[in-house]
Amino acid sequence: MNRFIMANSQQCLGCHACEVACVMAHNDERHVLTPQRYQPRITVIKHQRQRSAVTCHHCEDAPCARSCPNGAIAHINDSVQVNAQKCIGCKSCVVACPFGTMQMVLTPVAPNQFKASAHKCDLCQGREQGPACVENCPADALQLVTEDSLTRLAKTRRLRTARQEIRPWHTVDTQHSGTACSKVERMQATPPRGEPDKLAIEARKTTFEEIYLPFRAAQAEREAARCLTCGEHSICEWTCPLHNHIPQWIELVKAGDIDAAVELSHQTNCLPEITGRVCPQDRLCEGACTLRDEYGAVTIGNIERYISDRALSKGWRPDLSDVQKSDKRVAIIGAGPAGLACADVLARRREIFSAMGIRFELNCEVGKDISLETLLESYDAVFVGVGTYRSMKADLPNEDAPGVYDALPFLIANTKQVMGLPALPDEPFIDTAGLNVVVLGGGDTAMDCVRTALRHGAANVTCAYRRDEANMPGSKKEVKNAREEGANFEFNVQPVELVLDTHGRASGIRFLRTRLGEPDGQGRRRPVPVPDSEFVMPADAVIMAFGFHPHGMSWLESHGVKVDNWGRIAASVESEFRYQTFNPKIFAGGDAVRGADLVVTAMAEGRHAAQGILDWLAK
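Listed below in structure tokens is the structure:
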């Protein structure tokens, strides 16, 4: 009889730990490098309040095997297995499978070359511990069914029938039911999500200080107690680009062991006090939390911030006792999240980093104050993490008129004003007090501009975005805070022209209403203009926050480093040495490679690049 995995839907938490375990079991127990490689052979299905995992049944007379024209699917070792080498990608098996558990996936066979092949549960063939999903299910909702266990099930059911007892059809045995029931019951008894306290709205509109008050110890421990600890490698860990050990350091917070928690946090993240504050957790770890839909996600970001703030206030510094120094030297161009993350891995915040042996050369521009040739001659490797700073334009008529500003210069000048630094001629401070301000865009930069203008006393601030609110790329938390502080939002509007007054200064924006059309290549529905829907929105100041392009780096291209049509540096995490460019001594990561994105993704790429540098230097 073929073995197969059976799922108990009454015990399933819907935590996706089985998916993560499956992917890691087929990748040497490591997380895959890109989301595209996240291809679990088991899938968690949720419908309303029902949850269950679905995977191949390893049918005795398998339709997939019968339909395969090339003999790529066969019965081997009491299971149905796929020979990817024989598979021709015809998809007959996908059509034949009555349970929808057969998939076609692309696997790399050479640089930029992929092969389509059938993909299904293989019961972790060859894995000594057996199926990883069964081993890692925190609720014991999955069991490997064998001929012996099926015989026991039949015997148990005969006895239950005689006793007139009724049990769910999918219960195989009750060996672990106490653990499983306690997990489900614990989830059902979860208290409401604990949000951090915030400054009063009127107070926060007059300051650039943090609006979220730090967790007290009791708050952090209470919120940590809500975590279900969904397996050794949880879905929140996977969705975090840094793959932070989230459930593990939350467990340490529960126990009050901040020293151990901060050490564990820093194993994957060199700036947790930053990511705890600025990450869009609702799209990443908290968005994946098992509790999110029914009970409210654990406030992971605030716990992360609490750990670092508490440890740093006690004088914590990273333990470098096990670091072995080498005679190699690496230059990091850029001090953003990618550059600092790369530097952290190689040397293992500015005072702390300096104490770690990292030397900062400030006010030093490559290509102007120092040449790339000098760096390449003086260092064994160079990492480029320069970010993206060239504002995207919409090519609107009159977008260069007085009263129209790009987001980044507006924010930089504001920061200098807050810090008491002098403004530069090309970045003058823009006072929005008493003005009617319109911000174009829907990302986090747009929200920064909206909330900055409000703090400078703007009479009215409106954020105009071409899609609906559900499709805004910015953090939901930032949108909520902006609304609380008095911002207005105009959705499904597309700017077509900047309207000028008689003095040639911006006085408004001409818009068209939009509706959402077909999805684009990234799955987001395109905004489609609605005919005869034109209107003008008055504005004294217009701030354009459409995102950023990489800026020109001719000093790189002259050294064999290739860039794409968007100006992004060509470097891949899947190359032999992660994020190595076409010049073997030069590595790159962060926004300069992938385009404008999150702080945490830049940090993750910086760390990957650092590993690539270490591997290359050791070859």
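Reminder that position 224 of the sequence shown reads as 224 in the UniProt record's numbering, one-by-one numbering, no gaps.
Even for Gly, the Cβ is constructed at its ideal location relative to N, Cα and C.
Query	Result
Terminal residues of the beta strand (DSSP E) in which Ala596 lies	First-last for Ala596: undefined, no H or E at that position.
When Val561, Phe99 and Gly547 are compared against Met553, the one with the closest alpha-carbon	Val561
Three-state secondary structure assigned by DSSP to Gln175	Only weak support exists for where Gln175 lies, its pLDDT of 46 falling under 50; the value from the coordinates is given anyway. Looking at Gln175 - three-state DSSP - the assignment turns out to be coil, as it is neither helix nor strand.
Host alpha helix (DSSP H) of Asn302 (start-end)	Ile300 to Ser313
Straight-line gap, Gln611 to Gln281 (C-alpha atoms, nearest Å)	26 angstroms
Best match in Gly130, Thr268 and Trp249 for proximity to Ala260 [C-alpha to C-alpha]	Trp249
Span separating the alpha-carbon of Leu312 from that of Asp197	21 angstroms
Contact belief for Arg51 with Gly89 at Cβ below 8 angstroms, rounded distance in angstroms	At roughly 32 angstroms, the Cβ-Cβ gap does not stay under 8 angstroms, so Arg51 and Gly89 are not in contact.
Check whether Cys18 and Ala132 have beta carbons under 9 angstroms apart	yes
Length-filtered (3 minimum) beta strand (DSSP E) runs lying within the segment 323-407	330-333, 381-384 and 404-406
Residues bridged to residue 627 [DSSP beta-bridge criterion]	Since the displayed the chain opens at 1 and closes at 619, residue 627 lies outside it and no answer follows.
Where Leu159 falls, given that 16 or more other Cβ within 10 Å makes a residue buried	exposed
Classification of Ala238 by the beta-carbon crowding that lies within 10 angstroms, buried from 16 upward	Before going further, note that residue 238 is Trp rather than Ala in the sequence given. Buried.
Lys46 - containing beta strand (DSSP E), residue span	Ile42 to His47
Chain-order list of residues whose beta-carbon lies under 8 angstroms from that of Ala423 (same chain, five-residue window excluded)	Ala413, Lys416, Gln417 and Phe429
Sequence-distant residues of the same chain with beta carbon closer than 6 angstroms to Leu614, five excluded per side	none
Terminal residues of the beta strand (DSSP E) in which Pro529 lies	Arg525 to Pro529
Extent of the continuous beta strand (DSSP E) run through Lys115	Gln113 to His119
Where Ile364 falls, given that 16 or more other Cβ within 10 Å makes a residue buried	Reading the sequence as shown, one finds Cys at residue 364 and not Ile. That one is exposed.
Coil, strand or helix - His170 by DSSP	Confidence in His170 is poor, its pLDDT being 49 and thus under 50, which makes the residue's placement unreliable; the coordinate value appears in the next sentence. In this structure, His170 counts as coil in the three-state DSSP scheme.
Cα-Cα separation between Asp309 and Val145, rounded to whole angstroms	48 angstroms
Proximity winner among Cys463, Ala433 and Arg37, relative to Ala446 (alpha-carbon distances)	Cys463
Distance between Lys115 and Gly276 (C-alpha atoms, nearest Å)	40 angstroms
Ile569 in three-state terms, based on DSSP	strand
Cβ shell of Met472 (< 7 angstroms), same chain only, five flanking positions each side left out	Gly442, Tyr465 and Val479
Top-ranked residue by Cα proximity to Gly504, from Gly521, Arg41 and Asp540	Asp540
Residue from Ile307, Ala25 and Leu264 with nearest C-alpha to Cys124	Ala25
Cβ neighbours of Trp555 in the same chain (closer than 8 angstroms, five flanking residues each side left out)	Val366, Gly367, Ser371 and Leu372
Residue from Ala21, Asp426 and His58 with nearest C-alpha to Met1	His58
Helix, strand or coil at Asn27 [DSSP, three-state]	coil
For Pro108: DSSP bridge partner residues	Phe114
Delimiting residues of the beta strand (DSSP E) encompassing Ser265	Looking at the DSSP string, Ser265 is not in any beta strand (DSSP E); the run it does join, the alpha helix (DSSP H), is Ile258 to Ser265.
Distance, Phe99 Cα to Thr514 Cα	40 angstroms
Classification of Asp122 by the beta-carbon crowding that lies within 10 angstroms, buried from 16 upward	buried
For Ser326, the nearest candidate out of Lys91, Gly357 and Val134 (CA to CA)	Gly357
Rounded C-alpha distance that separates Glu185 from Glu135	21 angstroms
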